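Going down the list, the protein sequences come from chains A and B.
Counting with the working numbering, you get residues 1 to 82 for the letters of the first sequence.
Counting with the working numbering, you get residues 1001 to 1368 for the letters of the second sequence.
From the three backbone atoms N, C-alpha and C, an ideal C-beta is built for every residue, glycine too.
Bear in mind the structure is a predicted one, so any value in this text is a computation, not a measurement.
This report concerns only the one structure given below.
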Amino acid sequence: FRVRSVPLSTDMSDEEFAKNYLKELYAMQEDNTPSFGRKVSEMSLKLSEMQEFFGLKVTGTLDAETLEMMKQPRCGVPDVAA
Amino acid sequence: YRADSSSNKWPTNKLTYRIENYTPDMSVAEVDDSIQRALQVWARVTPLKFTRIYSGIADIMISFAVGDHGDGSPFDGPNGFLAHAFGPADGLGGDTHFDDDETFTFKSSNGYNLFLVAAHEFGHALGLDHSTDPGALMNARYTYRDVDSFVLPRDDVRKIQALYGSNPEIPDKPEPTPPPTPNACDPRLVLDAVTGLRGETYFFKNKFFWRSHPQMPQTEQFLIKSFWPELPGDIDAALEDPSADLVYIFKGQKVWALNGYDVVNRKSLSSFRLPATVKKINAAVYDESTGKMLFFVGKSYYSFDTNNKKMDKGYPKQVEERFPGMTGKVTAAFQNNGFTYLFSGPRVFEFNESTLMRVLGNKHFLQC
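Structure below.
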C-alpha cells in the first residue's frame, strides 16, 4: 500500500524517470545541476512545484509518495505552460 | 510546437471535429459514441456546438497514435501518458491524440475509459489548463468515474464558462447540480465516515476522502475511486480492524472489506449480526480495548464481539449511556491513541473511555 513521504533510495531508473517527468510536464531544463552558486537544484524546485500542484507534502525531494504520484496514469499535457 | 494547454479560446462557438482513425480496442460505434458524448460534456454548459465532418481539416482532429507521432510530444507506451491535446489555435490547435498503446474501453472500469479521457482532453482543446482540484475532470491524473452518472464538476463548469459563457438554451429538464469538491474549511462540513488505516486516518465525504498521517500536518484529498474504483461515494460508515489488517466500508446493507488497495471481501450488514430491521448504520468504530465493533444507528448503538462473531446481549443501547454528553446522532466515529472520537454533524466529541474530554471541530483533524 502507498507508503508515506519518505526519502527514497532511488535507483537510477526512478531518478531518470522523475527527471523525464519534470522535463515533460514542468519544463525542467536539461541541466539541473546547481550552478552560479544556486543552493537548490532546479530539480528540487520543480519537484516542489509538482508536489504543490498535487497537494502533496512539499519536500523538494523525490520521496516515495511523489514517485508514486508520478507513476499514476495521466494526461500528457504539461501542468505548467512551457 | 508541443502538446500544451493555453489560455486561448476559440473565436467561434461553432467548431468542427473529425475522427481520423480508430483504436482496435473498441468498435467504431463505441468510439464514435464516446467522442460525441465527451464533446457534449462541454457543449451542455456553454454555447459551443460541435459538428462532425468526415473529410478535410476540422478544428479538432482526433486520432490514435503510438510513440513518436510527429507532433513533438511522443507517447510513452502503456500507462503513463494516456493522451494529449493542443489548445485553441490554427493548424495543430485543438487536435487531440490518444496513445494507442493504452487499452481504451467503452463502459468498464478496466483499462482507460475513452469517454473520460476524451472529455478531459477536449477541455484542453477548448483552452483549459489542468486543475489542482482533485475532483475536477481537468485534474491531470486519470481517475475512473461512473460514466452513466457523470456530471461535469463545478470547478470545470466555472472555468469553461469563464471562457465561453453559459449555455443560452434553457434545457427542458434542469441540469444536475455540478458537484463541488468538499472543502475542509467549510464550518458546516459533516463527514460521512472516518477510519484509521495502517496508522493513518481517512476522512470520507461524498466521492472524496482526506488522508492524514500523524507525523504530517497537511492532509491530502483524493477521489475514493482513485484508490478503490469499486467503492461508491457517500458511504455511511467505515472502521478498521487492525488485528485483521482490514478496513470495512459500509453503505446501506452492503459492506466492502479492504486490505490496502484491494477489495478482498464483500459482505452484508447481517454478517455483523445486526437485526434485519437495521437497513443502514450511521457510524462504526472498532474499540481496541475490548475488541468490539460499535455500530451506531441514530442515537443508539450495537456492540459486536469480533472474537466470537456475536452481537453482545442487551443491545441496542442509548449512546448516551456509554458516552455521557453525546446527545446527538453519531454521524462518524474513530479511535486514535486510546481516545474515541464521535462526530455529530460538524462537531467532534472526544472521549477517554466514558469521560468527555473535549468538543472539537473538523478543523482539529483536517488541515484548513
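- [ ] Taking lysine 57 (chain A) as the query, report the chain B residues whose CB atoms sit under 7 Å from its CB, ordered along the chain.
- [x] Met1216 and Gln1218
TODO: Specify whether the segment 1230-1248 of chain B and the segment 1338-1349 of chain B touch according to this definition: at least 3 beta carbon pairs, one from each stretch, less than 8 Å apart.
DONE: no
Open item on the list: Classify glutamine 51 (chain A): buried if its beta carbon has 16 or more other beta carbons within 10 angstroms, exposed otherwise.
Closed with: buried
- [ ] Would you mind reading off the limits of the alpha helix (DSSP H) that contains aspartate 1156 (chain B)?
- [x] Counting along the chain, the unbroken alpha helix (DSSP H) around aspartate 1156 (chain B) starts and ends at 1154-1164.
Task: Between the CA atoms of glutamate 1200 (chain B) and aspartate 1008 (chain B) - distance to the nearest angstrom - done: It should be noted that the sequence gives asparagine, not aspartate, for residue 1008 (chain B). Cα to Cα, asparagine 1008 (chain B) sits roughly 42 Å from glutamate 1200 (chain B).
Task: Under 7 Å by beta carbon: chain A residues contacting asparagine 1079 (chain B) - done: Pro73
Task: Extent of the continuous alpha helix (DSSP H) to which glutamate 68 (chain A) belongs - done: Its alpha helix (DSSP H) spans residues 64-70.
Open item on the list: Please list the terminal residues of the continuous alpha helix (DSSP H) segment that includes aspartate 1032 (chain B).
Closed with: 1028-1043
Open item on the list: Using 9 Å as the threshold, is the C-beta distance between alanine 1118 (chain B) and phenylalanine 1098 (chain B) below it?
Closed with: yes
Task: C-alpha distance - leucine 1152 (chain B) paired with tryptophan 1228 (chain B), whole-angstrom precision - done: 21 Å
- [ ] Would you check if the distance between the CB atom of glutamate 1102 (chain B) and the CB atom of proline 73 (chain A) is smaller than 9 Å?
- [x] Against a cut-off of 9 Å, the Cβ pair of proline 73 (chain A) and glutamate 1102 (chain B) comes out as a contact.
Open item on the list: Under 9 Å, Cβ to Cβ, is there at least one residue of chain B near leucine 62 (chain A)?
Closed with: So no, leucine 62 (chain A) is outside the interface.
- [ ] Name the one or two DSSP bridge partners that asparagine 1265 (chain B) has.
- [x] B:Ala1257
Open item on the list: Going by C-alpha to C-alpha distance, which of B:Ala1065, B:Asp1095 and B:Ser1303 sits closest to aspartate 1312 (chain B)?
Closed with: Per the C-alpha coordinates, the member of B:Ala1065, B:Asp1095 and B:Ser1303 positioned closest to aspartate 1312 (chain B) is B:Ser1303.
- [ ] Identify the continuous alpha helix (DSSP H) that holds serine 1226 (chain B) and give its terminal residues.
- [x] 1224-1227
Task: Contacts of aspartate 79 (chain A) in chain B (Cβ-Cβ under 7 Å) - done: Within chain B, the residues near aspartate 79 (chain A) are His1130 and Ala1140.
Task: Opposing strand residues paired with threonine 1096 (chain B) [DSSP bridges] - done: B:Ile1062 and B:Ala1085
Open item on the list: Going by DSSP, what residue range makes up the alpha helix (DSSP H) through leucine 1128 (chain B)?
Closed with: Leucine 1128 (chain B) -> no alpha helix (DSSP H), and no H or E assigned at all.
- [ ] Classify leucine 1137 (chain B) as helix, strand or coil using the three-state DSSP reduction.
- [x] coil
TODO: Determine whether the Cβ of methionine 1073 (chain B) lies closer than 9 Å to any Cβ atom of chain A.
DONE: Reading the sequence as shown, one finds serine at residue 1073 (chain B) and not methionine. Closer than 9 Å: yes.
Open item on the list: Per DSSP, what are the beta-bridge partners of arginine 1211 (chain B) in this structure?
Closed with: B:Tyr1202 and B:Glu1220
Open item on the list: Please report the straight-line C-alpha distance between glycine 1196 (chain B) and glutamine 1215 (chain B), rounded to a whole angstrom.
Closed with: 14 Å
Open item on the list: Counting only C-beta atoms, is leucine 25 (chain A) closer than 9 Å to chain B at any point?
Closed with: yes
- [ ] Give the single residue among B:Asp1234, B:Gly1111 and B:Thr1219 whose Cα lies nearest to the Cα of lysine 1207 (chain B).
- [x] The shortest C-alpha separation from lysine 1207 (chain B) is found at B:Asp1234.
Open item on the list: According to DSSP, is glycine 1080 (chain B) part of a helix, a strand, or is it coil?
Closed with: It is coil, neither helix nor strand.
Task: First and last residue of the uninterrupted beta strand (DSSP E) at valine 1319 (chain B) - done: Not the beta strand (DSSP E): valine 1319 (chain B) falls in the alpha helix (DSSP H), residues 1319-1322.
Open item on the list: From the DSSP secondary-structure annotation, give me the bridge partner or partners of phenylalanine 1104 (chain B).
Closed with: DSSP output for phenylalanine 1104 (chain B) lists B:Tyr1112 as bridge partner(s).
Open item on the list: Please state the DSSP three-state secondary structure of proline 14 (chain A).
Closed with: Reading the sequence as shown, one finds aspartate at residue 14 (chain A) and not proline. Note: aspartate 14 (chain A) maps to helix in three-state DSSP.
Task: Assigned secondary structure, glutamate 1240 (chain B) (DSSP; H/G/I helix, E/B strand, else coil) - done: It is a strand residue.
Open item on the list: Would phenylalanine 1122 (chain B) and valine 1045 (chain B) be called neighbours here (beta carbons separated by less than 9 Å)?
Closed with: no
Open item on the list: Checking the sheet assignment: what are the DSSP bridge partners for methionine 1311 (chain B)?
Closed with: B:Phe1304
- [ ] Enumerate in chain order the residues of its own chain whose CB-to-CB distance from glycine 1077 (chain B) is below 6 Å, with the five nearest sequence positions on each side excluded.
- [x] Asp1101
Task: Residue span of the beta strand (DSSP E) that contains glutamine 1335 (chain B), given as start and end - done: 1332-1336
Task: Closest residue to glutamate 1020 (chain B) among B:Arg1347, B:Val1194 and B:Asp1059 (Cα-Cα distance) - done: B:Asp1059
- [ ] Could you tell me which of B:Ala1038, B:Thr1051, B:Gly1091 and B:Arg1141 sits nearest to leucine 1082 (chain B), measuring between CA atoms?
- [x] B:Arg1141
Task: lysine 1329 (chain B) - DSSP class collapsed to helix/strand/coil - done: Here lysine 1329 (chain B) sits in coil by DSSP.
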